[in-house]
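Have a look at the structure below, then the notes.
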Amino acid sequence: MTYPVISLFSGAGFLDLGFTETHAFSILWGTELIKDFAQSNNYNMRQRYGHLDRVITADVTQIDPLKDIPKGAVGIIGGPPCQDYSIGNANSPGVEGDRGKLVWDFLDKIEKLQPDFFLFENVEALYKTKKHRVQALNPLIDKFNELGYEVQFKVLNTLNYGIPQDRSRVFIVGFRKYIPITLRQRGYETFKWPTPIYEDPKKTFVWPDVWEIGTEVNEADYIAKLQAPYELTIHSVIGNENELESLPNHTSFKPYSQRFFTVLEGDVKRKSFKRLHRFRYSPTVAYGNNEVHLHPTLPRRLTVREALRLQSVPDWFHFEEGTPLDKMFKMISNGVAYKLANLLAEEIKIVLDNYDHAIKERRELIRITNESMTKDSVTQPQKEQFA
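Just so you know, the sequence shown maps onto residues 114 to 500 in the working numbering.
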């Protein structure tokens, strides 16, 4: 069974692809404000699945859900722009900002379309900052409940799921209340969050200190003695330069500053020009607003392909030739880590499949009961006749 889904604030499609790659969901329709972003989303969907473009370039606030959005969607997924909630935003206006207000537009689409489920994503500060929690997150959850949804929210960090990036995000998942009620009545599990691979890996494991730029080590020996999981290190995804050179989008801006040659390996505490460490995880992928992440051992920024890998995006995904570099990095920074999106989609799929099974069981029980009652009503007079 394939569940049609509406995608709001679609971006380059990392969240969308996390769902469609389960082969249980399809994007029925989507909307994205920035043309380059929508084009990249459609391009990869065409390359991967061969279907026509489904993500339009439009301002979601101008979309009438009852007139402009196709009928038949089972779910709505999306992450409204998060800059107005971000800790990195000095002003951090929250729901009073032009972008912060878009959480209410997501809510409006849920209210009007009443899908069976929704998934909402935003920055950790939506929960962590009291102002945003009180003015946005809590009212949002309360309103979802009033609309008839059983809602769960949680802050998930990509590191806990085997992705070498320290990226915490708020996720809200809601199902129409009759779905979990039916599942409990029939003995099925309701929604549960993906099981973490690691618990608090930043504190659990011993990570190497800052190294002098150009430090030479026998990498194979070092990896063998590593006191942390190798899959959580930068090296695990960008350590093979020959492999990367064979992939599309392995390109970046040319070095223009002396800092490309002087910042120590693993010095990520600075505001910008953070140099990643081969055998540590990456800070949050957030390129733009003057934040620059440097390659661990080379005097350059990370490439687009390296950044995609830190977001756990499959190598078959790529941007079209001619897409501006700054737009590619922005799309990567704004996206949901693909692997985590895929894990969440799998858990939502289980709920929807279980509900489908539960409904079929109930219908079968009703059929059997009706047949039994009909049989009894026919045989009873016959028994009386021969008495």
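Ideal placement from N, C-alpha and C gives every residue a C-beta, glycine not left out.
Distance cut-off 7 Å: residue i Cβ against heavy atoms of the ligand FAD
| i | result |
| --- | --- |
| Lys382 | The ligand FAD is absent from the structure shown, which contains no ligands of any kind. |
Residue i burial status per 10 Å Cβ neighbour count (16 or more: buried)
| i | result |
| --- | --- |
| Ile294 | exposed |
| Asp197 | Any reading at Asp197 must be qualified, since the residue scores a pLDDT of 47, below 50, and its modelled position is unreliable; the value itself is stated next. Asp197 should be labelled buried. |
| Val236 | buried |
| Leu250 | buried |
| Trp306 | exposed |
| Met179 | This sequence places Leu at residue 179; Met is not what is there. Leu179 is exposed by the Cβ-count criterion. |
| Asp129 | buried |
| Pro183 | exposed |
| Glu312 | exposed |
| Tyr468 | buried |
| Trp429 | exposed |
| Leu215 | buried |
| Gln424 | buried |
| Glu234 | buried |
| Met114 | exposed |
| Gln498 | At Gln498, the pLDDT of 42 sits below 50, so the modelled position is not reliable; the number obtained from the coordinates is stated separately. Classification for Gln498: exposed. |
| Arg282 | buried |
| Gly188 | buried |
| His348 | buried |
Nearest-angstrom Cβ-Cβ length linking residue i and residue j, presumed shorter than 8 Å
| i | j | result |
| --- | --- | --- |
| Gly192 | Val449 | 6 Å |
| Phe373 | Tyr400 | Going by Cβ atoms, the distance from Phe373 to Tyr400 rounds to 15 Å, so no, they are not a contact pair. |
| Leu377 | Glu419 | About 19 Å separates the two Cβ atoms, so there is no contact after all. |
| Ser395 | Pro321 | In fact, because the Cβ distance is near 14 Å, the residues do not count as touching under 8 Å. |
| Val173 | Asp218 | 6 Å |
| Gly275 | Ile310 | 5 Å |
| Tyr335 | Phe127 | Not confirmed; about 31 Å, so no contact. |
| Phe288 | Phe230 | 5 Å |
Segment limits, beta strand (DSSP E) that includes residue i
| i | result |
| --- | --- |
| Phe233 | Phe230 to Val236 |
| Arg297 | Careful: Arg297 lies outside any beta strand (DSSP E), inside the alpha helix (DSSP H) at Tyr291 to Arg299. |
| Thr170 | Val168 to Thr170 |
| Ser365 | Element bounds for Ser365: n/a, residue is neither H nor E. |
| Ser139 | Phe138 to Glu145 |
| Leu121 | Tyr116 to Leu121 |
| Ile190 | Gly188 to Gly191 |
Residue range of the alpha helix (DSSP H) that includes residue i
| i | result |
| --- | --- |
| Leu269 | Counting along the chain, Leu269 falls outside any alpha helix (DSSP H), though it belongs to the beta strand (DSSP E) covering Tyr262 to Asn270. |
| Trp217 | Leu215 to Leu226 |
| Phe150 | Lys148 to Tyr162 |
| Phe374 | Arg372 to Thr375 |
| Tyr335 | Glu332 to Ala337 |
| Asp501 | Examination of residue 501 is not possible in this model, given that the chain is present from 114 through 500 alone. |
| Ala420 | Val417 to Leu423 |
| Asp322 | Per DSSP, Asp322 belongs to no alpha helix (DSSP H) and is neither H nor E. |
| Phe257 | Asn251 to Glu259 |
| Ser349 | His348 to Ile351 |
Reference residue i; option with closest CA among the options
| i | options | result |
| --- | --- | --- |
| Tyr301 | Ser123, Arg475 and Glu484 | Arg475 |
| Ala151 | Asn483, Leu465 and Met444 | Met444 |
| Leu411 | Gly379, His431 and Leu423 | Gly379 |
| Gly131 | Thr144, Lys148 and Met158 | Met158 |
| Lys315 | Glu134, Asn270 and Gly287 | Asn270 |
| Leu453 | Tyr291, Pro117, Thr308 and Leu220 | Thr308 |
| Phe266 | Leu239, Pro396 and Tyr291 | Leu239 |
| Phe284 | Gln424, Ile190, Gly275 and Asp221 | Ile190 |
| Asp177 | Val405, Glu404, Asp221 and Thr135 | Asp221 |
| Gly352 | Pro409, Arg413 and Pro252 | Pro409 |
| Arg383 | Leu226, Thr317, Val118 and Val405 | Val405 |
| Thr144 | Asp166, His136, Arg161 and Ala137 | Asp166 |
| Asn403 | Val426, Pro427 and Ser446 | Ser446 |
| Ala137 | Arg299, Arg297, Lys148 and Tyr116 | Tyr116 |
| Arg422 | Tyr291, Glu477, Lys473 and Leu345 | Leu345 |
Chain B contact for residue i (CB, 8 Å cutoff)
| i | result |
| --- | --- |
| His363 | Absent from the structure: chain B. Only one protein chain is present. |
Practice item. Count the C-beta pairs between the region 357-368 and the region 415-435 that are closer than 8 Å, then say yes if the count reaches three, no if not. Key: Taking a contact to require three or more Cβ pairs closer than 8 Å, the region 357-368 and the region 415-435 qualify as touching.
Check your understanding: At a cut of 8 Å, does the region 380-396 reach the region 445-464 through at least three beta carbon pairs?
Key -> no
Review point. With a cut-off of 8 Å, do at least 3 Cβ pairs link the region 241-258 to the region 327-336?
Key: no
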